[in-house]
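Engineer: Respectively, the protein sequence lines represent chains Z and C.
If you count the first sequence from 1, position 131 lands on 131 in full-length UniProt numbering, and the numbers rise without skipping.
If you count the second sequence from 1, position 303 lands on 303 in full-length UniProt numbering, and the numbers rise without skipping.
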Amino acid sequence: MEETKTYTISIYTENSVGLLNRISGIFVKRHINIESINVSESEIDHVMRFIIVVHTTETWVKNIVGQIEKQIDVIRAYYHGDEEIIYLQTGLFKIASHLLFDERQIQNIIKESHAQIVTVSREFFVITKSGRKEEIEALYEALKPFGIMQFVRTGRVSVSKAEMEISSLLKAFIH
Amino acid sequence: MEIKTIKKDVSTAVSQMRVSGAEAVIHCLLAEGVDTLYGYPGGAIMPVYDELYKFSDQLNHVLTRHEQGAIHAAQGYARVSGRVGVAMATSGPGATNLVTGLADAQIDSTPLVCITGQVARHLLGSDAFQETDIVGISMPVTKWNYQITKASEIPEIIAKAFYIARSGRPGPVLIDITKNAQFEEFDFEYSKCTGVRSYTPVPRTDKTQLELAAEAINKAKKPFIVWGQGILLGKAEAELKALVEKTGIPAAWTIMGASALPSDHPLNVGMVGMHGNYAPNVLTNQCDVLIALGMRFDDRVTGDLNTYAKQAKVLHFEIDPAEINKNVKADVPVLGDVKESIQGLLPLLNEKKHEAWHETFKEGYAKEFEEVIRHDLFPEKDGLTMGEVINGINKASENKAVMVSDVGQHQMITCRYARFAQSHSNITSGGLGTMGFALPAAIGAKMGAPEREVVAIVGDGGYQMTIQELGTIFQLGLPVKIVVLNNEFLGMVRQWQQLFFEKRYASTHMVNPDFVTIAKGYHIPAERVSKREDLDAAIERMIKSDTAYFLEVVVEKEDNVFPMIPSGASVDEIRLK
Chain Z
1 MEETKTYTIS IYTENSVGLL NRISGIFVKR HINIESINVS ESEIDHVMRF IIVVHTTETW
61 VKNIVGQIEK QIDVIRAYYH GDEEIIYLQT GLFKIASHLL FDERQIQNII KESHAQIVTV
121 SREFFVITKS GRKEEIEALY EALKPFGIMQ FVRTGRVSVS KAEMEISSLL KAFIH
Chain C
1 MEIKTIKKDV STAVSQMRVS GAEAVIHCLL AEGVDTLYGY PGGAIMPVYD ELYKFSDQLN
61 HVLTRHEQGA IHAAQGYARV SGRVGVAMAT SGPGATNLVT GLADAQIDST PLVCITGQVA
121 RHLLGSDAFQ ETDIVGISMP VTKWNYQITK ASEIPEIIAK AFYIARSGRP GPVLIDITKN
181 AQFEEFDFEY SKCTGVRSYT PVPRTDKTQL ELAAEAINKA KKPFIVWGQG ILLGKAEAEL
241 KALVEKTGIP AAWTIMGASA LPSDHPLNVG MVGMHGNYAP NVLTNQCDVL IALGMRFDDR
301 VTGDLNTYAK QAKVLHFEID PAEINKNVKA DVPVLGDVKE SIQGLLPLLN EKKHEAWHET
361 FKEGYAKEFE EVIRHDLFPE KDGLTMGEVI NGINKASENK AVMVSDVGQH QMITCRYARF
421 AQSHSNITSG GLGTMGFALP AAIGAKMGAP EREVVAIVGD GGYQMTIQEL GTIFQLGLPV
481 KIVVLNNEFL GMVRQWQQLF FEKRYASTHM VNPDFVTIAK GYHIPAERVS KREDLDAAIE
541 RMIKSDTAYF LEVVVEKEDN VFPMIPSGAS VDEIRLK
C-alpha cells in the first residue's frame, strides 16, 4: 500500500459561480475528505486561489490535480507536501472578560503562545493565534479548562517555496 | 423517402441588430453551422421555441417523445458526423431528463451543446414551478456548464459552449437560460470563440517524447497497438493505417475505437476488453511495447490492473493529461493531438514486418474461431444466435451499415461480429452503458449520415426503455432499421447470474408485449423471425426497404457471450467458455 500524506493543493481559477461545486465534486467521487479549504483572491487581478488540504496518496493527489486542472475555469493546479510550502492557519477564541482577572494563568498562556488580543469589552475578549494547526490546538487545549465561549479556526493558507508560473501562463494567452 | 436538408449557406456574420434573447439563441446556432437539433418544448423554453417556429426553414427541430430521446439522438448525430449535437429542453423535468445523456456523452467524449430553459431570474432559488438547479445537477457530467440570466450574455456564452464542446477532448456543455433572458432585447453581435485563457484544449507535443516512442517502437520485437475513440475524434484514421502498414504492428481496438481501421485490414487483430477477441487480450500480456493511441485504459479493457501489460513498455498517446498514469502507468506519455503525433512519429519509424508475432494473433483467432465464433456465426443448434443475425446484416448491407447498438449481450455481439468498411460505423454507449440509447441514437445517426444505412440493434430490455421514439421515427418518416434481438431476458445480467450467482435469475426474465403489433401501431412495417431458414430473407427485406423497418428476431433464451474476462480477472485469464 502506498503511504498517505498531507498534501496542499493550490488551484488558480477564474472567478466563476459554481466552480467550488465542480472542484469539490472531484473529491466526492473518490470519497476523499477535504481537511480544509480556503478561497481567496490571488496575486493576479481577478484570479482566485483555492487552497485545499487533503490526506491521501501521491498517486491519488496527482490524479485529482489532473482532473481539477481539466475543468474549463481552472487555470492551473499544483500539489505540495508540507516541506515544500510555508503555511499557516488562524484561530479565534472568544473568552469571558472576567476570567482575565479571576484566572491569572490566562494572561501567561496568552503571552507564552504569542497570541494577540483583537478586542476587549466588558463581557468578553477575543484573541487570535496564527500558526500551524498544532500550535492553535495547543492554545485551545490550554484555554479549554477555563471555558471558551466560541472557537473557530480557518482553513490552511500557504505559499509555495518554488515559483508557480501563473502570470507568464496568462500573459502567453493571446485572445 | 426524402430527408429534410437545410441550406447551409447561412450567413455567419450577423451584423449588429436588435433582437430578443430567444432569437439570439437561433442566430447563434445558425452561426455555428447547426442544421438539426432535438428537443421537447415546455414553459421555460417557449420563447426559443417560438423563434424556432419562425426559423423553421433554416433550422430543423426534431420533436422526440422524451428529452432522453432528444439527447441520445443528438449524440447519435454527433457520433456519426463528428459535428456538435444539439439538444433542447425546458426547465425542471425537461432538464433532468437530459442527465443520463449528458453523463453518457461526458464519459464517451461526445461533443454536445444542450440548451435548457430556466425560470425567470427573479424566481431563481424560490422553488418556483418547474425550477431545478440543473447547473448544479449537471456539473459532474458536463465538460462545462453555465447559467445565462441576461440576454446580452447569450452570444458570448453560446460561442464558448460550441468551442468547448468540440475542441480538445470533446464533451457535453449545458447552457441554462432564464426565461427573462429569452424575452429581453439587446444589440446582437456574434463572433466565434477562438480560445479560453484557462483552458488548453490540445497540449503541446513534446518532440523528445516522440523520439523516445519511436526508439521504443523501432527496437520492439513484439509491439502491439491498441487504439481507442481518439482516432475517430482526432480524424486520424489515415495516420493509423499508415502507422500499422509501415511498422507491420498488429493493432486492436476498444469498443469506442471500432471501425477506425476496416475490419478486413490484415493487421486489424480485433477487439480488446471483457468480451473482446482472445488473441489481443492474451497477447496484451506478452507484447514488449504497448502503443496506446487515444484510449483511456477503461477497466473493461484492462481487467485487473495489477497484472495488465506489466512486461510491456507502455507508450500512451493522449490528448487529455488527466488520463496519463490514471489507470496504467505510461513509460512514454505522448501528449497532444493524435493525428499530429502520428504524423510526427511516422518519419522516425523503420519499415518493418513482425510476421512471427502477427502469426500468434492468427493462431489465437483460429482457437477462438473453433471454440466460440463458429458456434456464434454458423450454429448447428436449433435456436437462433445473435451472432448469425449480425452476420446476416453484414452480408445484406455489404458491411456498409452504421450499427447502433444498445447495451448488453447484443451490444457485445454486435461489436464483435459487425464488419466495418468505413469509419464512424459503430455507435454504442461504451463508457456509461446506457440501456435505451440505441433507438434514439439511431435517429440522430440517420440524420447525421442520411446517405448511409443505419441499423439499430437492440435487446428486448433496452428497447422498452425508449420505445416511444418509434413515434419520432414515424413522424419524421425516417428510414431507420430496427432489429430487436429478443431472448425474453436481460441477457447480460442473466449471464452473470448464471456464471457468478448460481443461476438465481433475479428480475431478469421479461414477459414482453407483441413488438410487431407495437411497431405496426406506429405504421412501421414489421415482422418477426424465429426460424433460421427465414432469417436471411427477412434481413434482406429490411435492408432493401426504403422506409423504416422493424425486425424482431427470437433468439435463444440462455445464450452467453464469450470470450469473457471475468470482472477483476487478468486479460490473459480470458475464458472461452
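Ideal Cβ positions, reconstructed from N, Cα and C, are used throughout, including at glycine.
What's the gap between the Cα of Z/G81 and the Cα of Z/T8?
Structural biologist: Using only the alpha carbons, I get a separation of about 6 Å.
Engineer: Out of C/V196, C/L535, C/F55, point me to the one whose CA is closest to Z/K171's CA.
Structural biologist: The shortest C-alpha separation from Z/K171 is found at C/V196.
Engineer: So, using beta-carbon positions, are C/G430 and C/I255 closer together than 9 Å?
Structural biologist: Contact: yes.
Engineer: With a threshold of 9 Å between beta carbons, is Z/I174 in contact with chain C?
Structural biologist: Summary for Z/I174: the model assigns pLDDT 48, below 50, so the residue's position carries little reliability; its value from the coordinates is reported in the next sentence. Taking Cβ atoms only, chain C reaches closer than 9 Å to Z/I174, which makes this a yes.
Engineer: Name the chain C residues whose beta carbon is nearer than 7 Å to that of Z/D45?
Structural biologist: Those do not exist, as Z/D45 stays about 13 Å from chain C at its closest Cβ, beyond 7 Å.
Engineer: Does the region 424-443 of chain C come into contact with the region 265-276 of chain C, if we say contact requires no fewer than three beta-carbon pairs (one atom in each stretch) closer than 8 Å?
Structural biologist: No, they do not touch.
Engineer: If C/E556 sits next to C/L384, beta carbons under 8 Å apart, how far is it from one beta carbon to the other, in whole angstroms?
Structural biologist: Correct: roughly 6 Å between the Cβ atoms.
Engineer: Going by the beta-carbon positions, is the gap between C/L232 and C/S259 smaller than 9 Å?
Structural biologist: It is a contact, given that the beta carbons lie within the stated cut-off.
Engineer: Is there a Cβ from chain C that is less than 9 Å from the Cβ of Z/V74?
Structural biologist: Yes, because at least one Cβ of chain C sits closer than 9 Å to the Cβ of Z/V74.
Engineer: For residue 585 of chain C, which residues in chain Z fall below 9 Å Cβ to Cβ?
Structural biologist: Residue 585 of chain C falls outside the range modelled here, since chain C spans only 1 to 577, and no answer is possible.
Engineer: Quick one: is C/H354 buried, meaning 16 or more other Cβ sit within 10 Å of its Cβ, or exposed?
Structural biologist: Looking at its Cβ environment, which holds 16 or more other Cβ atoms inside 10 Å, C/H354 is buried.
Engineer: I need the DSSP call for C/N306, collapsed to helix, strand or coil.
Structural biologist: In the structure shown, C/N306 sits in a helix (DSSP, three-state: H, G or I).
Engineer: Between the Cα of C/S152 and the Cα atoms of C/D133, C/R169, C/E184, C/V480, which residue gives the shortest distance?
Structural biologist: Of the candidates C/D133, C/R169, C/E184, C/V480, the one whose C-alpha sits nearest the C-alpha of C/S152 is C/E184.
Engineer: Going by the C-beta, is C/L243 closer than 8 Å to any heavy atom of the ligand HEM?
Structural biologist: Among the components of this structure there are no ligands whatsoever, and the ligand HEM is therefore not found.
Engineer: Would you say the region 143-163 of chain Z touches the region 91-109 of chain Z, given that touching needs at least three Cβ pairs under 8 Å?
Structural biologist: Yes, since at least three Cβ pairs between the region 143-163 of chain Z and the region 91-109 of chain Z fall closer than 8 Å, the two stretches touch.
Engineer: Does any C-beta atom of chain Z lie closer than 9 Å to the C-beta of C/I164?
Structural biologist: Yes, C/I164 counts as interfacial toward chain Z.
Engineer: Identify the contact partners of Z/N33 in chain C, using a Cβ-Cβ distance below 8 Å as the criterion.
Structural biologist: Those do not exist, as Z/N33 stays about 18 Å from chain C at its closest Cβ, beyond 8 Å.
Engineer: For C/M564, which beta-bridge partners are listed by DSSP?
Structural biologist: Answer is C/R575.
Engineer: Taking Cβ-Cβ distances shorter than 7 Å, what residues in chain Z pair up with C/E199?
Structural biologist: The displayed chain sequence assigns Tyr, not Glu, to residue 199 of chain C. Near C/Y199 (Cβ distances below 7 Å), the residues of chain Z are I72.
Engineer: Is the beta carbon of C/E558 sitting closer than 9 Å to the one on C/Q464?
Structural biologist: No; because the gap between Cβ atoms is not below 9 Å, this pair is not in contact.
Engineer: Given 8 Å as the limit, is there contact between the region 51-69 of chain Z and the region 101-109 of chain Z, that is, 3 or more CB pairs closer than that?
Structural biologist: Short answer: they don't touch.
Engineer: Using the three-state DSSP reduction, which class does Z/N108 fall into: helix, strand or coil?
Structural biologist: Three-state result, Z/N108: helix.
Engineer: If distances are taken between C-alpha atoms only, which option among C/G39, C/V244, C/W227 comes closest to C/V352?
Structural biologist: One point to set straight first is that residue 352 of chain C is Lys, not Val, in the sequence displayed. The shortest C-alpha separation from C/K352 is found at C/V244.
Engineer: For chain C, check one thing: does any of its Cβ atoms lie closer than 9 Å to the Cβ of residue 220 of chain Z?
Structural biologist: No answer is possible for residue 220 of chain Z: the residues shown for chain Z start at 1 and end at 175.
Engineer: For the alpha helix (DSSP H) that C/Y49 lies in, which residues bound it at each end?
Structural biologist: It spans 46-54 - the alpha helix (DSSP H) in which C/Y49 sits, taken as one unbroken run.
Engineer: Kindly indicate the opening and closing residues of the alpha helix (DSSP H) around C/P440.
Structural biologist: Segment 438-448, the alpha helix (DSSP H) holding C/P440.
Engineer: To the nearest whole angstrom, what separates the beta carbons of C/G336 and C/T205, a pair I think is in contact under 8 Å?
Structural biologist: The Cβ separation is near 3 Å, so the contact holds.
Engineer: Using the Cα positions of C/N486 and C/M447, report the straight-line distance between them to the nearest angstrom.
Structural biologist: Their backbone Cα atoms lie some 27 Å apart in a straight line.
Engineer: Any chance you could list the alpha helix (DSSP H) runs of at least 4 consecutive residues sitting entirely within the region 327-402 of chain C, in chain order?
Structural biologist: Qualifying alpha helix (DSSP H) stretches, in chain order: 338-345, 355-368, 374-377, 386-397.
Engineer: The beta strand (DSSP E) that contains Z/R76, what's its start and end?
Structural biologist: Here the beta strand (DSSP E) through Z/R76 covers 74-81.
Engineer: Looking only at C-alpha atoms, which of C/P513, C/H410, C/Q495 sits nearest to C/Y505?
Structural biologist: When each option's Cα is compared against that of C/Y505, the closest is C/Q495.
Engineer: Excluding the five sequence neighbours on either side, which residues of its own chain have a C-beta within less than 6 Å of the C-beta of C/Q409, listed in chain order?
Structural biologist: Closer than 6 Å at the Cβ level, and outside the excluded window around C/Q409, lie G491, M492, V561.
Engineer: Using the rule of at least 16 other Cβ atoms within 10 Å of the residue's Cβ for burial, across every protein chain shown, is C/F500 buried or exposed?
Structural biologist: Exposed, since its Cβ has fewer than 16 Cβ neighbours within 10 Å.
Engineer: Using 8 Å as the Cβ pair cut-off and three pairs as the minimum, do the region 43-53 of chain C and the region 409-423 of chain C touch?
Structural biologist: No contact exists between the region 43-53 of chain C and the region 409-423 of chain C.
Engineer: Given that C/N325 touches chain Z, what residues does it touch there, using C-beta distances under 9 Å?
Structural biologist: Under the 9 Å cutoff, chain Z gives T59, K62, N63, G66.
Engineer: Under 9 Å, Cβ to Cβ, is there at least one residue of chain C near Z/V54?
Structural biologist: No, because no Cβ of chain C sits closer than 9 Å to the Cβ of Z/V54.
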